[in-house]
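Scroll down for the structure; my scribbles are underneath it.
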Amino acid sequence: MIKFFDTLRGEVVPFEPLLPGEVRLYTCGPTVYNYAHIGNFRAYIFEDLLKRFLRFMGSRVLHVMNITDVDDKIIRDAGARGVSIGEFTEPYLKSFFAGIETLRIAPADRYPLATEHIPEMVRIIRGLLDKGIAYRKDGSIYFSIAKFPGYGKLSKIKRDELQTTSRIGARIEADEYEKESAQDFALWKAPKPGEPSWETEIGPGRPGWHIECSAMSSKYLGETFDIHCGGVDNIFPHHENEIAQSEAFAGKPFVRYWLHCHHLIVDGEKMAKSKGNQYTLDDLLRRGIPATAVRFLLLGTHYRKVLNFTFEAADQAKASVQRVLDFAYELDHRSFPEIRNEDVQRLVAEADRKFRDGLSDDLNISTALTALFELIREANSLLARNKIGRGEADLLRAALRSFDEVLVLLPEPQEETLPPDLAALVEERERARRSMDFKRADEIRAELLRRGIILEDTRDGVRWKIVQP
RNA sequence: GGCGCGGUACCCAAGCGGCUAAGGGAGAGGUCUGCAAAACCUCGAUUCGCCGGUUCGAGUCCGGCCCGCGCCUCCA
């Protein structure tokens, strides 16, 4: 049985999709006003784990991730640069997708853009106006949270406490828009001179932040769908407001399971531009941390715990991944005796059970990784004693590939030939070794290492590996 | 002030009432090897932030305290 921690209910609950065998998933995507940092990618990696695991367990997953391509900051910064919001967001959009690919995150089925779903948003706002839940003020339209009794149920914030909560006062005064009640939020913002706006049946203007997710999720996934993910910072106000809009409009439950991922901090501190610790994916790659190590690092801490990023942890992640890769390599580049060993089947079955049970328990990745590493250790131990036959090697390869459908650490199958000049060097070294010229042999090995090839002398002869980029 | 997360070996990190406290990294010693690499074997927390309590039995439950972190209308 699969169980997840649902933020709304505040506990781990059994997971049952609305339609058997199909999970409808909506995840909050980037606001493309800047380059994504590794904290953003932590959330996307968590969602990738969730999605790949659901597929691993036999579900189809229909996944929608929104792209926020219009908001206050985008308008401000595009204006400052004197370009359209489309021109402004394009490089960030490209960079986001490049990161998704680099980290081997399974792409969503759709990435709807906010600017392409204005009519869908207007339709909901229209409906909320008609129901008297939304009201107009100075050209803007606000959602009256007093009209939605369930307001605060996700974030556990009580409505009457909202305005007395400290810190809030200053922010309310700073707000440029007049509202009936301080806690009400904007569905539609009045146009301002020189800023983008849309002519619509509810008047000119641009959407508030929250409405796009209500509009796009219901369009592609239905008015009630299975899972909605995001970072914990989205619980309030973003997701709270989505619930209010969607449920007030549709009159039915919005989301069945809310899964939120905690933050990533760096060296024990919150990431902040001012601290200079806000790393992008490219920053890490430039520092020599391979993408798979980044993936492993972001994957390796349970999603509901704060992940403390350090470069030491990144190096450890790299080494851990290497252990998996070396094991896979061993299975592919070794001769196996013609024997049978029943133990292997038992080990594989046990690892598979533990892997599934771990992830089924609210995505307990530690248990799942333990299953993988225990299998590797046991298998290596048998391998060292030459007690794994050809058939068992196939079993192990299949198990590894199966786990890797979720973890995605193994390299893509690649061309396994050395460029001729390098192959010639390997040959020359073999001749040198046969004539006991170990000095020359070691020179060649060092040369090849500089060129990204590591040589290993085994009982079956010399073999080479590509060193992780 | 409100809501929430966490403090387990040098580092990362499971376990959440009961066999010897997972797993990975780093470290020490050994095996194999021309040397390496990889791998294997062995070692490594009498102890789980602190203090009380419940229990036959507690990192695991209860109470108090200390410390770190996040959110509270920009934020993954």
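No gaps in the numbering here: position 200 of the first sequence is 195 in the numbering used here, and each next residue is one more. Backbone N, C-alpha and C fix where the C-beta goes; we use that ideal spot for every residue, glycine too.
- Annotation note: the region 211 to 278 contains the following uninterrupted beta strand (DSSP E) runs of length 3 or greater, listed N- to C-terminal: 220 to 226, 250 to 256 and 259 to 261.
- For Arg251, same chain residues with a beta-carbon under 6 Å away, outside a window of 5 residues either side, are Asp221 in chain order.
- Around the Cβ of Glu333, a 10 Å sphere holds fewer than 16 other Cβ atoms; the residue is exposed.
- Annotated three-state conformation of Met431 is coil, per DSSP.
- The DSSP-derived three-state label of Asp416 is helix.
- Contact between Ser209 and Glu237 holds: their C-beta atoms lie close to 5 Å from each other, under 8 Å.
- Within the same chain, Val18 and Asp221 come within 6 Å of Pro12 by CB-CB distance, once the 5 residues on both sides are set aside.
- Comparing alpha carbon positions, the residue from Asp338, Ser361 and Lys68 closest to Lys349 is Ser361.
- Here Met60 carries a strand assignment [DSSP, helix/strand/coil].
- A Cβ-Cβ separation of about 18 Å leaves Arg290 out of contact with Ile461 under the 8 Å criterion.
- With respect to His205, Gly226 sits apart: the two C-beta atoms are not nearer than 8 Å.
- Residue state for Val316 is assigned as helix, using DSSP reduced to three classes.
- DSSP places Lys187 in the coil class of the three-state scheme, outside both helix and strand.
- If you draw a 10 Å sphere on the C-beta of Gln340, you find fewer than 16 other C-beta atoms in it, and that means exposed.
- Inclusion of Leu292 and Ala314 in the CB contact set at 8 Å is not warranted, their separation being larger than that value.
- Per DSSP, the continuous beta strand (DSSP E) segment holding Gly456 begins and ends at Gly456 to Ile461.
- Contact between Ile62 and Leu108 holds: CB atoms are separated by about 5 Å, below the 8 Å threshold.
- Among the bridge pairs identified by DSSP, Glu422 is matched with none.
- For Tyr298, no alpha helix (DSSP H) run applies, since DSSP gives it neither H nor E.
- Of the other Cβ atoms in all chains shown, fewer than 16 fall within 10 Å of the Cβ of Ser376; this residue is therefore exposed.
- Cβ contact annotation for Val343 (same chain, cutoff 6 Å, sequence separation greater than five): Leu390 and Ala394, in chain order.
- Three or more beta-carbon pairs separated by less than 8 Å are not found between the region 42 to 60 and the region 86 to 94, which leaves the two stretches without contact.
- Contact between the region 413 to 423 and the region 364 to 373 is not established, with fewer than three Cβ pairs separated by less than 8 Å.
- For Gly456, the closest of Ile70, His328, Leu402 and Pro414 by C-alpha to C-alpha distance is His328.
- Contact annotation: the region 194 to 205 touches the region 112 to 126, with at least three C-beta pairs closer than 8 Å.
- Counting every other CB atom within 10 Å of its CB across the protein chains shown gives Ser430 a total below 16, marking it as exposed.
- In this structure, Ala286 sits near Leu98, with a CB-CB distance shorter than 8 Å.
- Burial state of Ala363 is buried, judged by a 10 Å Cβ sphere holding 16 or more other Cβ atoms.
- For Ala388 against Leu326, the beta-carbon gap comes to about 6 Å, under 8 Å, which counts as contact.
- In this structure the region 121 to 136 touches the region 237 to 249; the number of beta carbon pairs closer than 8 Å is three or more.
- Distance from the CA atom of Asp64 to the CA atom of Phe331, rounded to whole angstroms, is 55 Å.
- Leu49 has its alpha-carbon roughly 15 Å from the corresponding atom of Val403.
- Less than 8 Å divides the Cβ of Ser135 from the Cβ of Trp183.
- Val319 and Ala288 have their C-alpha atoms some 11 Å from each other.
- For Ser135, no alpha helix (DSSP H) encloses it; the enclosing beta strand (DSSP E) starts and ends at Ser135 to Phe138.
- In terms of Cβ geometry, Leu259 and Gly34 form a close pair [threshold 8 Å].
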